[in-house]
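**Student:** Handing you this structure, nothing more for now.
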Amino acid sequence: MAAEAAPASGTTPGERHAIGIAFGNSNSSIAYTTVEDKADVIANEDGDRQIPSILSYVDGEEYNGQQAKQQLIRNSKNTVAYFRDFLGQDFKSLDPTHCHASAHPQEHNGTIAFTIQDKEEGEPSVVTISEVTTRHLKRLVQSASDFTGKQVNSAVLTVPTNFSEKQKAALTKAANDAGLEVLQLISEPIASLLAYDARAEAKVADKIVVVADLGGTRSDVAVIASRGGMYTILATAHDYEFAGAQLDKVLQDHFAKEFIKWNTTDPRENARSLAKLKLEAEATKKALSIGTNANFSVESLAEGIDFASTINRLRYETIARKIFDGFNRLIEGVVKKAGLDVLEIDEVILSGGTSHTPKIASNMSAIFPSTTTILAPSTTPTAINPSELQARGAALQASLIQEYEKEDIEQSTHPAVTTVKHLTNAIGVMTITGDIDKGLFTPIIAAETAVPARRTIHIATPKEGGDVLIKIVEGGSHIKVSKPEPKPKTNGDKKGDDDSDDSDVSDSDDEPEDVREKVWKVGTVLAEAAIKGVKKGGKIEVMINVAGDLAVTVTCREVGGKGGVRGNVSAP
Amino acid sequence: MATHTQVNLPLPVLPDNWSGEKDFKPIGKLSAATQRSIEPVGPHFLAHARRARHKRTFSEDDRIQAQENVKKVEDDDSGEISEPEDPMMLSRDAKDWKSQDHYAVLGLSKYRYKATEEQIKRAHRKKVLRHHPDKKAAAGSTEDDSFFKCIQKATEILLDPVKRRQFDSVDEHADVEPPTKKQLKDGKYYKLWSNVFKSEGRFSRIQPVPKFGDENSNKEDVDTFYNFFYNFDSWRSFEYQDEDVPDDNENRDQKRHMERKNNNARKKKKTEDSARLRKLVDDAMAGDERIKRFRQEANASKNKKRLEKEAAEKKALDDAKAAKEAEAKASKEAEEKAKSEREQGKKAKEAAKAAVKKNRRVLKGSVKDANYFVSGDAPASVIDAVLNDVELVQGKIDADETAALAGKLNGLKIADEIKGVWSAEVKRLVSAGKVKDGDVKSLA
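This is the structure in structure tokens:
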């Protein structure tokens with residue numbers, strides 16, 4: 001077994017001290033797991049849990065995080081910001097828009113570099129993107145080591161789902177240079193989902209989750225099938241037009257116009273004024289996520305004139321409507337891309353700093369049916385801070401795998417293990433309802449479940465007991481659109497597997513819209529089984545086990561009874 | 001999964017005409033699946049990877065995991081701390097904590113400085129469970145919580161790394177007394193001293209501490225050991241034995257005085273401790289057979305060198321002497337040889353001389369025998385002439401020719417024959433140019 005073999009590289013599991021790092025384009029955060037196996041985000045020495053991914057050099061001294069961000073105003077040429085996405089990229093293919101107000105990226109020996117004055121004296125030096133990343137990660141590791149009191153030597157890092165192998169390799173190299181063993185690189189949406197699923201109150205369920213990671217400079221959305229705690233990405237979308245920076249821009253323009261009203265100059269024409277405007281706009285945006293009113297005040301915004309103003313949330317939501325609509329389209333688009341309907345989405349996780357904005361969450365509630373849980377601070381009180389999700393997920397994963405040998409981790413994440421067959425259709429049993437003689441499909445294993453899979457359900461029997469038929473069938477779901485009728489609904493089960501009970505209330509709104517519902521279409525019959533002599537009020541336990549080669553084993557028995565029926569359906 | 005999804009809709013009733021082998025009837029097959037990648041994240045994926053890599057089924061994996069979990073519980077229990085409690089200790093006064101053996105209070109006297117933080121925590125918990133005053137009150141005894149306070153104090157000290165070090169510094173129970181001479185007689189020298197240094201080694205700032213070793217240790221290890229202990233870097237300190245400094249602000253001088261006194265006492269104790277350790281090492285070294293052996297070996301090797309040198313010198317001397325003798329002998333032999341050769345040459349010369357004389361006599365005799373080539377009595381002048389000629393010829397020919405001539409003449413009695421020999425000789429001499437024709441008239 002690999003566990004016995006000596007590790008070829010990296011620290012041995014016993015000496016590891018691992019953290020989770022969410023290294024974002026705008027902000028980074030670091031998290032560790034407490035003794036109770038809870039993930040906690042670490043604040044750096046400035047007390048920030050969201051550490052801006054910015055490095056700045058003043059007189060040869062390195063500044064990182066919020067301190068470096070302040071330098072964007074006075075020392076923008078020696079400040080490197082928004083560099084994460086440049087890692088492992090060609091100079092041709094990068095978008096330097098966000099770096100306009102900081103050190104500009106340039107091509108250097110086939111890689112990307114910044115020219116910055118990082119020493120007290122002498123010529124400005126050319127620092128490669130890899131070196132910048134290493135320096136930034138070193139600062140993060142230092143903060144984590146200071147906090148935990150132990151030298152951090154390994155980490156799980158999060159990366160966007162569209163990070164290429166080359167970019168991953170570049171990040172791994174930069175991390176290794178910073179003295180970090182990269183245990184694993186995990187996808188950002190998966191990390192967010194893991195952070196939610198690792199909560200003590202979370203139950204293992206089969207659900208479809210949309211993870212919307214709305215960041216500072218980019219938005220990434222993924223549709224994930226979560227099947228018994230295993231995650232499969234069904235579709236992803238990436239957007240660089242609708243993100244936090246655009247919201248800042250809206251506020252910037254708003255206040256700039258206001259400033260022009262009283263003064264003659266446009267603060268956006270002066271680089272320093274623009275930087276001040278931008279920083280304060282970001283702060284105002286954050287304040288608006290918390291309160292309904294926010295101040296905007298900048299000392300000496302332009303030409304030595306101080307500026308102060310206020311804005312309320314409604315105003316903000318009106319002027320930023322275009323951006324919010326963009327987010328909506330993005331999320332709706334990705335659901336469609338996954339070949340699903342909003343009705344089939346069980347959970348929406350809003351992650352990333354921009355997700356604090358209440359309007360985005362309320363928009364989500366409008367798009368998705370009321371059965372869908374929107375996990376955002378403004379809609380769900382128990383929601384985890386969206387900015388911390390990824391770091392927490394990474395820390396949880398780090399604590400899960402840090403006991404393993406490097407080789408073990410590599411083997412487990414090998415495509416041979418991760419690439420498996422997924423069911424195209426749900427597997428379930430036919431049940432009857434009181435008023436319809438025709439059977440109704442009850443799913444046991446949902447579609448897009450990775451095989452091998454095993455699920456067990458308990459099904460009621462007719463009141464009087466006796467002999468029952470268990471008919472195992474495949475089922476496909478489709479969306480039935482019907483004109484609203486005076487009768488609000490046909491039956492209570494059209495919402496699918498989970499929490500079908502409370503769906504009645506919202507669907508009965510008297511709106512002249514089409515009623516859309518999810519219905520099951522019965523497909524191929526796989527097998528039939530009979531359980532005889534069930535007691536009155538007894539229940540039947542049905543366990544379906546799908547093997548890796550799609551062979552199905554069905555085990556049925558009466559709950560609490562002896563014996564039972566077991567049969568196989570051979571692989572196709 | 002402990003709880004299963006509950007479905008309240010009932011199952012259909014079995015139709016009357018339904019039949020199937022063992023109540024099961026496979027009908028269809030699953031439709032084709034899509035290949036997708038699952039994200040390698042989360043506890044459930046780990047379980048999946050475990051199953052996939054070891055090719056286990058769900059139920060097998062459940063069983064194996066259950067077994068492993070059982071094992072873990074057992075492992076935890078195996079490290080339990082249990083030690084009988086001394087009744088004297090139980091009645092201790094918590095105020096007198098300085099003289100308290102904290103390890104014994106927690107039941108860790110077996111481990112002492114080796115006890116891990118985890119062990120201390122677990123021991124503390126165990127003791128608290130037993131001695132908590134609430135429990136005692138419930139059992140009906142008096143509310144005597146003095147031992148509980150002892151436990152708390154012990155834990156406080158042992159869980160604080162600084163305080164624990166201070167206590168460990170003066171923890172005499174962990175000391176191992178140096179062996180007495182009597183003990184050493186049993187021949188357990190290395191084992192006894194090894195224990196002493198193992199306990200002394202706990203004070204070293206440099207870890208790991210070299211081992212004392214046994215009688216088979218090599219010189220390098222032993223040297224390393226003694227060097228280490230002669231340059232011992234100890235963290236041992238004696239704050240724990242400080243006298244209490246009065247904590248009031250009223251008498252600052254008194255306080256300072258006490259502090260100074262304590263400081264001096266610490267320094268003194270530290271010096272004493274260093275001296276003690278040095279003496280310990282000295283003692284160990286003095287009785288260390290290995291050191292003696294190494295010295296002997298070193299001496300032996302040194303002597304060996306010297307002897308070798310001497311032998312070499314001696315050999316060189318002998319060689320030189322022998323060479324000289326041989327030389328002398330050779331020269332002597334050569335001398336003798338030359339001498340004998342010379343003597344022989346002399347003899348040969350003499351013999352040759354004698355032969356020449358004899359031959360000459362033969363020559364002269366021959367002419368006499370031939371009656372000087374005249375008949376009758378030869379006149380004196382003839383005799384003189386012939387004899388002069390003979391002498392002339394003799395003077396012209398060397399010893400060999402003389403011998404050859406003598407050989408020819410010897411035995412000849414007849415004058416003509418003799419004359420023939422002579423004239424032949426003269427002719428040969430004339431032809432050789434040695435004698436001028438006409439010089440030798442009488443013999444021609």
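Protein chains in written order, with UniProt numbering: chain A, 1 to 572; chain B, 1 to 444. Yeah, the Cβ is synthetic: ideal placement off N, Cα and C, and Gly gets one too. Every value quoted in this text rests on a predicted model; they were computed, and no experiment measured them.
1. Taking the straight line between their C-alpha atoms, what separation do you get for Lys358 (chain B) and Lys408 (chain B)?
2. Which of helix, strand or coil does DSSP assign to Leu140 (chain A)?
3. Candidates A:Asp118, A:Glu123 and A:Ser378: which alpha carbon is nearest Glu131 (chain A)'s?
4. On the three-state DSSP scale, how would you describe Met37 (chain A)?
5. As a quick exercise: from A:Glu332, A:Asn75, A:Trp520 and A:Ile30, pick the residue whose alpha carbon is nearest that of Ala222 (chain A).
6. Cβ of Gly79 (chain B) less than 9 angstroms from any chain A Cβ?
7. Buried or exposed: Ser331 (chain B), going by 16 or more other Cβ atoms within 10 Å of its Cβ?
8. Under 7 angstroms between beta-carbons, which chain B residues line up against Leu314 (chain A)? List them in chain order, please.
9. Measuring CA to CA, which of A:Lys92, A:Asp85, A:Phe91 and A:His104 is closest to Ser76 (chain A)?
10. For Leu180 (chain A) and Tyr226 (chain B), I'd like the C-alpha separation in whole angstroms.
11. Taking only three categories from DSSP, how would you classify Gly567 (chain A)?
12. How many whole angstroms separate the CB atoms of Thr461 (chain A) and Lys539 (chain A), which I take to be in contact at a CB cut-off of 8 angstroms?
13. Along chain B, which residues have their Cβ under 8 angstroms away from the Cβ of His458 (chain A)?
14. Taking 9 angstroms as the CB-CB cut-off, is Glu32 (chain A) touching chain B?
15. Could you tell me how far apart the beta carbons of Lys532 (chain A) and Glu464 (chain A) are, in whole angstroms, since I believe they sit closer than 8 angstroms?
16. I want to see whether chain B comes within less than 9 angstroms of Asn162 (chain A), judged by CB atoms only; does it?
17. Taking Tyr230 (chain B) as part of the beta strand (DSSP E), name the residues at either end of that continuous run.
18. Residues of chain A with CB under 9 angstroms from Thr34 (chain B), in chain order?
19. Give me, in chain order, the residues of the same chain whose beta-carbon lies closer than 8 angstroms to that of Val13 (chain B); leave out the 5 immediate sequence neighbours on both sides.
20. State the start and end residues of the unbroken beta strand (DSSP E) segment that holds Glu181 (chain A).
21. Counting contacts by CB-CB distance shorter than 9 angstroms, is Arg454 (chain A) in contact with chain B?
22. Should Phe24 (chain B) be flagged as near chain A, meaning a C-beta pair shorter than 9 angstroms?
23. Please confirm if Ser29 (chain A) has its CB atom under 9 angstroms from at least one CB of chain B.
24. State yes or no: is the beta carbon of Pro462 (chain A) nearer than 9 angstroms to at least one beta carbon in chain B?
25. Quick one, which of A:Lys38, A:Ile367 and A:Glu403 has its alpha-carbon nearest Lys336 (chain A)'s?
26. Does the CB of Ile38 (chain B) have a neighbour CB from chain A at under 9 angstroms?
27. Quick check: the Cα distance between Ala22 (chain A) and Ser29 (chain A), rounded to an integer number of angstroms?
28. Since Asp239 (chain A) contacts Arg268 (chain A) with CB under 8 angstroms, what's their CB separation in whole angstroms?
29. Indicate whether at least one CB of chain B lies closer than 9 angstroms to the CB of Glu541 (chain A).
30. At 7 angstroms on the CB atoms, spell out the chain B contacts of Thr413 (chain A), in chain order.
31. Judging by CA-CA distance, which residue of A:Tyr63, A:Ile42, A:Thr284 and A:Ile432 is the nearest neighbour of Val250 (chain A)?
32. Residues of chain B with CB closer than 7 angstroms to the CB of Gln151 (chain A), please, in chain order.
33. Since Glu61 (chain A) is in the beta strand (DSSP E), which residue starts that stretch and which ends it?
34. Ends of the beta strand (DSSP E) at Tyr231 (chain A)?
35. What residue from A:Phe147, A:Gln142, A:Ser187 and A:Lys168 has the CA that sits closest to Thr161 (chain A)'s CA?
36. Take Ser273 (chain A) and list the residues in its own chain whose beta-carbon comes closer than 7 angstroms to its own, dropping the five residues that flank it on each side.
**Tutor:** If we stick to the structure as given:
1. Approximately 14 angstroms between the Cα atoms of the pair.
2. The DSSP-derived three-state label of Leu140 (chain A) is helix.
3. Closest by alpha carbon: A:Asp118.
4. The question names Met, yet the displayed sequence has Asp at residue 37 (chain A). In this structure, Asp37 (chain A) counts as coil in the three-state DSSP scheme.
5. Answer by Cα proximity: A:Glu332.
6. Any reading at Gly79 (chain B) must be qualified, since the residue scores a pLDDT of 49, below 50, and its modelled position is unreliable; the value itself is stated next. With 9 angstroms as the cut-off, Gly79 (chain B) does not count as an interface residue toward chain A.
7. By the 10 Å Cβ count, Ser331 (chain B) comes out exposed.
8. Chain B residues near Leu314 (chain A): none, gap ~40 angstroms exceeds 7 angstroms.
9. Among A:Lys92, A:Asp85, A:Phe91 and A:His104, the Cα nearest to that of Ser76 (chain A) belongs to A:His104.
10. Just so you know, the alpha carbons of Leu180 (chain A) and Tyr226 (chain B) end up roughly 40 angstroms apart.
11. Of the three classes helix, strand and coil, the one that applies to Gly567 (chain A) here is strand, per DSSP.
12. Their Cβ separation, rounded to whole angstroms, is 7 angstroms, which keeps Thr461 (chain A) and Lys539 (chain A) in contact under 8 angstroms.
13. Within 8 angstroms Cβ-Cβ: His4, Thr5, Gln6 and Val7.
14. Per the sequence shown, residue 32 (chain A) should be read as Tyr rather than Glu. With a threshold of 9 angstroms between beta carbons, Tyr32 (chain A) makes no contact with chain B.
15. Contact flag wrong, Cβ pair sits at about 14 angstroms.
16. No Cβ of chain B is located within less than 9 angstroms of the beta carbon of Asn162 (chain A).
17. Tyr230 (chain B) -> not in any beta strand (DSSP E); alpha helix (DSSP H) instead, spanning Lys219 to Tyr230.
18. Under the 9 angstroms cutoff, chain A gives Lys421, His422, Leu423, Thr424 and Glu448.
19. Answer for Val13 (chain B): no residue qualifies.
20. Run containing Glu181 (chain A): Glu181 to Ser187, per the beta strand (DSSP E) assignment.
21. Answer yes: the Cβ-Cβ gap between Arg454 (chain A) and chain B drops below 9 angstroms somewhere.
22. Chain A contact via Cβ: present.
23. No, because no Cβ of chain B sits closer than 9 angstroms to the Cβ of Ser29 (chain A).
24. So yes, Pro462 (chain A) belongs to the interface.
25. Ranking the options by Cα distance to Lys336 (chain A), first place goes to A:Ile367.
26. Among the CB atoms of chain A, one or more fall inside 9 angstroms of the CB of Ile38 (chain B).
27. Rounded to the nearest angstrom, the gap between the Cα atoms of Ala22 (chain A) and Ser29 (chain A) is 5 angstroms.
28. No, Asp239 (chain A) and Arg268 (chain A) are not in contact; Cβ-Cβ is about 24 angstroms, not under 8 angstroms.
29. Yes - at least one Cβ of chain B is within 9 angstroms of the one on Glu541 (chain A).
30. Within 7 angstroms Cβ-Cβ: Pro40.
31. When each option's Cα is compared against that of Val250 (chain A), the closest is A:Thr284.
32. Result: empty, since nearest Cβ-Cβ is about 17 angstroms, beyond 7 angstroms.
33. Segment Glu61 to Asn64, the beta strand (DSSP E) holding Glu61 (chain A).
34. According to the DSSP assignment, Tyr231 (chain A) belongs to the beta strand (DSSP E) that extends over Met230 to Asp239.
35. In terms of Cα proximity to Thr161 (chain A), the closest of A:Phe147, A:Gln142, A:Ser187 and A:Lys168 is A:Ser187.
36. Once the five neighbours on either side are set aside, the close Cβ partners of Ser273 (chain A) are Pro267, Leu301 and Ala302.
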